[in-house]
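One structure below.
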Amino acid sequence: MTDTAEQCARELLARLLADIAPEVDLADARPDGQLQEELGLDSMDFLNLMIGVHEATGLEVPERDYPQLSTLEGAIGYLASRSS
Amino acid sequence: MGEFCMPSLGADMDEGTLIEWFVAPGDLVRRGDIVAVVDTEKSDIEVEVFEDGTVTELLVDVGATVPVGTPLARIEATPRSRVTPSPAPAAPAAPAASGPPRGVPTTSRTAGRVLSPLVRHLAEDLRVDASDLRGSGPGGVVTRRDVERAARASQGAPAPRRPPAGAGTRLRASPYARRLAGERGVDLHGVVGSGPGGAVLATDVPIAAPPDRAGSRTVDRDGDVRGAIARSMARSKREIPHYYLQTTIDLGPALDWLRRRNEDRPVTERVLPAVLLLKATAVAAAEHPALNGRWEDGHRPASNVHLGVAIALRGGGIVAPGIADADRLPLDELMAALRDLSARARAGRLRQGEWTGPTITVTNLGDLGVDAVWGVINPPQLAMVGFGAVRDAVLAVDGLPAVRPAVITSLAADHRTSDGMQGAAFLGRIARLLGSPESLDPPTPDHHDDGAIP
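Top line first, the protein sequences correspond to chains A and C.
When the letters of the first sequence are read in order and numbered with the numbering used here, they come out as residues 36 to 119.
When the letters of the second sequence are read in order and numbered with the numbering used here, they come out as residues 19 to 472.
Okay, structure coming up:
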């Protein structure tokens with residue numbers, strides 16, 4: 036995992052969230068806070084985020100891995116570690 | 019000769035503003051086609067015609083605010099023998115069954131893709147060949163966003179320009195171009211059009227100012243949404259004698275079943291737990307007409323379930339558009355319908371049938387972490403079902419304490435049409451359905467016919 040991969044993951048999340056929840060700013064979210072709570076995402080929003088990740092990267096995040104993406108830093112780490 | 023009038027899109031609506039025409043004189047329309055967009059306090063609503071015919075005259079200009087019932091267009095009935103296929107070739111007749119419009123009534127199937135008239139018009143305006151697009155909507159449906167994305171992608175290639183329409187001639191511009199111009203503060207008279215006859219298309223409209231993502235209209239609407247909610251909810255509490263019941267439902271079996279069902283599916287085909295709750299509610303509502311219908315000068319039980327879903331708007335406020343025949347939709351279709359409805363509700367663009375049709379509504383505040391919610395019935399409906407957060411709870415299972423995921427489910431119902439006993443039976447039915455989740459997902463026949471009702 037590199038800083039670049041993390042930066043890419045962060046940018047991807049920011050871009051997807053701009054569509055899903057235009058009013059939120061990723062910069063406002065605490066890295067270790069619950070992503071859904073911090074950004075006011077409901078389960079449909081979260082699913083749309085996962086679909087967006089799939090469309091952008093081809094990555095299928097299985098449901099059992101969702102807890103690993105529940106925080107911003109968790110999501111960035113998860114995506115960065117799986118980017119090629 | 020018929021007239022297409024400003025529809026009433028809610029008990030509190032006195033007037034509406036026409037914000038877009040999708041038809042022009044000479045166009046053939048079919049019952050169920052979306053022909054215009056009307057601005058109400060809570061959302062833009064795509065309105066439908068209720069007859070087949072030819073549009074002969076548009077009587078109201080875009081931007082005009084007129085009272086409910088004002089004729090908006092003249093439509094000349096087309097003799098049956100002369101009815102020709104609608105603009106999309108090979109498109110079969112839109113479902114024109116009796117009863118309220120379905121949630122997805124205004125779509126025509128072309129080569130396996132479903133394209134609503136709205137999207138078709140947008141594609142024409144933006145000169146996007148929709149048949150080339152991969153749809154991202156439910157079932158591969160080409161959506162407005164797909165078209166807009168394709169249009170943006172093709173903007174790199176300069177379009178062939180035609181000379182401007184001659185001075186003194188009437189400005190020719192597509193409705194979408196006019197709307198964009200309005201949003202961007204552009205005077206279309208100075209714009210060179212690339213459409214037929216020099217008509218200004220949306221792609222020709224210069225980006226004078228970057229379109230505001232949140233949209234100035236949305237911002238303007240906030241106060242309106244609040245006012246509409248205030249009137250509707252005050253009326254509800256003034257007129258409807260609510261009674262309330264609650265029960266705790268063990269979701270262990272339902273969530274286990276759903277996890278297995280989702281396990282091997284790609285992310286685009288997974289079903290959210292909320293959809294199981296909606297489906298169970300809809301199936302139970304179909305069996306309880308005392309709770310499913312309307313109060314309009316008396317009890318008007320509904321023969322189908324048009325399930326309203328409360329959707330929180332970003333920036334505040336709530337809307338509760340409906341999904342038609344939710345009790346009969348297979349889970350995957352219900353999921354697709356919910357996804358589509360949520361996106362459009364938040365974008366402030368709903369369809370007439372979704373807006374006026376709901377016969378019962380569900381509010382699900384589980385994502386916000388509250389244990390329970392007791393709803394305020396959305397008039398003129400008869401009941402509101404509320405789901406709180408799904409939490410691990412200690413329940414007695416087979417005589418032993420067990421930790422299970424559980425949800426507090428509430429019912430707010432109109433005492434004029436039902437009593438606590440019926441309400442209790444209804445909640446009990448929801449609980450039993452969720453206890454055998456496979457019953458909510460029966461195998462679907464190979465041939466799914468929009469119009470067929472088993």
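Just so you know, even glycine gets a beta-carbon here, dropped at the ideal spot from N, CA and C.
Just so you know, the alpha carbons of L74(A) and D63(A) end up roughly 9 Å apart.
For chain C, the residues of the segment 73–89 of chain A that bring a beta carbon within less than 7 Å of one of its beta carbons are D77, S78, M79, L82, M85, I86 and H89, in chain order. Straight-line measurement puts the Cα of S250(C) at about 27 Å from the Cα of P89(C).
At least one CB of chain C lies nearer than 8 Å to the CB of A56(A). Using a Cβ distance threshold of 8 Å, E75(C) and P43(C) count as a contacting pair. Around P461(C), the same chain offers no residue with a beta carbon nearer than 8 Å, after the five sequence neighbours per side are excluded. A Cβ-Cβ distance of about 5 Å is found for the pair T427(C) and I267(C), placing them in contact under the 8 Å criterion. In the structure shown, the three-state DSSP call for F81(A) is helix.
Taking the beta carbon of E98(A) as reference, the chain C residues within 8 Å of it are R277, N280, E281 and R288, listed in sequence order. Here L269(C) is buried, its C-beta having at least 16 other C-beta atoms within 10 Å.
Judged by beta-carbon spacing, V293(C) lies within the 8 Å limit of L349(C), meaning their Cβ atoms are closer than that value. No Cβ of chain C is located within less than 8 Å of the beta carbon of E41(A).
CA-CA distance, A354(C) to V327(C), rounds to 14 Å.
Looking from the CA of R253(C), the closest CA among P397(C), A91(C), E351(C) and A298(C) belongs to P397(C). Between the segment 44–58 of chain A and the segment 83–94 of chain A there are three or more inter-stretch CB-CB distances shorter than 8 Å, so the stretches are counted as touching. One alpha carbon belongs to R48(C), the other to L27(C), and they sit about 20 Å apart. Contact check for A302(C) against F444(C) passes: the beta carbons are separated by less than 8 Å. DSSP places N382(C) within a strand segment (E or B) once states are collapsed to three. Taking every protein chain shown into account, the CB of G404(C) has 16 or more other CB atoms within 10 angstroms, so this residue is buried.
The Cβ of P271(C) sits no closer than 8 Å to any Cβ of chain A.
Unbroken beta strand (DSSP E) stretches of 3 residues or longer found wholly inside the segment 28–55 of chain C: 33–39, given in chain order. Among the residues facing chain A, D350(C) is not included, as its CB has no counterpart in that chain under 8 Å away. A354(C): member of the alpha helix (DSSP H) spanning L349 to A365, first to last residue. At a C-beta separation below 7 Å, V285(C) has these neighbours in chain A: M85, I86, H89, E95 and V96. In the displayed model, I55(A) falls within a helix according to three-state DSSP.
T58(C) and G81(C) have their alpha carbons spaced roughly 13 Å apart.
Annotated as distal: A401(C) and G375(C), with beta-carbon spacing of 8 Å or more. Under the 8 Å criterion on CB atoms, S61(C) is classed as non-interfacial with respect to chain A. Collapsing the DSSP output to three states places W392(C) in coil. Excluding residues up to 5 positions away in sequence, D268, A420, R422 and A424 lie with their Cβ nearer than 7 Å to the Cβ of L413(C) in the same chain.
Taking every protein chain shown into account, the CB of G316(C) has fewer than 16 other CB atoms within 10 angstroms, so this residue is exposed.
Rounded to the nearest whole angstrom, the CA to CA distance from A168(C) to R145(C) is 10 Å. Between V285(C) and E95(A), the gap from beta carbon to beta carbon is short of 8 Å. Contact check for V394(C) and G335(C): beta-carbon distance about 14 Å, past the 8 Å limit, so the pair fails to qualify.
With the criterion set as a beta carbon lying under 7 Å from some beta carbon of chain A, the members of the segment 311–343 of chain C are R332 and G333, in sequence order.
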